[in-house]
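Colleague: Let me give you the structure first, and then I'll get to my questions.
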Amino acid sequence: MNAPAGLDLASIPERIQSEVGRAIQRSIKGVEYFQTSGPSLGSMPKDILHARGTMNLYHYRPLADEVYRVPVLIVMATTNRGYILDMIPGQSFIEFLLKRGYDVYML
């Protein structure tokens, strides 16, 4: 049997062993990831000002010393959840607004 050009038949067992080792390491990392608790979504401090059925009006507590007089009202589509804008600390649009002094409400 002739091997294709550039393929060393003697290295095949080593390559297989290397790939199997990498696959095992990826599997271990995947299991470790699922064993940890996920990030808490919607982690910015907020108060519910009004609730009716599944609709809630939230007021987020300011994070800046000075707050703008004109508030920001975010109205989410009924197909989306509000936490999509407040995922995790450091990657939150709500946190971004609050740190810059905006008074944020979400419906």
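If you're matching positions, the sequence shown starts at 131 in the numbering used here and goes up one per residue.
By construction, the Cβ of each residue, glycine as well, lies at the ideal position given by its N, Cα and C atoms.
Owing to the predicted nature of the structure, the values given are computational and were not obtained by experimental measurement.
Hey, how far is the Cα of Leu193 from the Cα of Thr209?
Modeller: Their Cα atoms are separated by approximately 29 Å.
Colleague: According to DSSP, what are the bridge partners of Asp195?
Modeller: None, per the DSSP bridge assignment.
Colleague: For Leu187, list the residues DSSP reports as bridge partners.
Modeller: DSSP lists His180 as partners of Leu187.
Colleague: Residues in the same chain with beta-carbon distance under 6 Å from His189, minus the five sequence neighbours each way, listed in chain order, please.
Modeller: Asp177, Leu179, Tyr235
Colleague: Within this structure, are the beta carbons of Leu215 and Ile224 separated by less than 7 Å?
Modeller: yes
Colleague: Assuming Val205 and Asp233 are in contact, meaning their beta carbons sit under 8 Å apart, how far apart are those beta carbons, in whole angstroms?
Modeller: Wrong, their Cβ atoms sit about 15 Å apart, outside the cutoff.
Colleague: Hey, how far is the Cα of Leu231 from the Cα of Val197?
Modeller: The sequence shown places Gly at residue 231, rather than the Leu named in the question. Rounded to whole angstroms, Gly231 to Val197 spans 4 Å at the Cα level.
Colleague: If you check the beta carbons only, do Pro219 and Ser173 fall under 7 Å apart?
Modeller: yes
Colleague: Less than 7 Å between the C-beta atoms of Arg156 and Pro175, yes or no?
Modeller: no
Colleague: To which residues of the same chain is Leu227 closer than 7 Å at the C-beta, ignoring the five residues directly before and after it?
Modeller: Val202, Val234
Colleague: Helix, strand or coil, according to DSSP, for Leu237 in the structure here?
Modeller: coil
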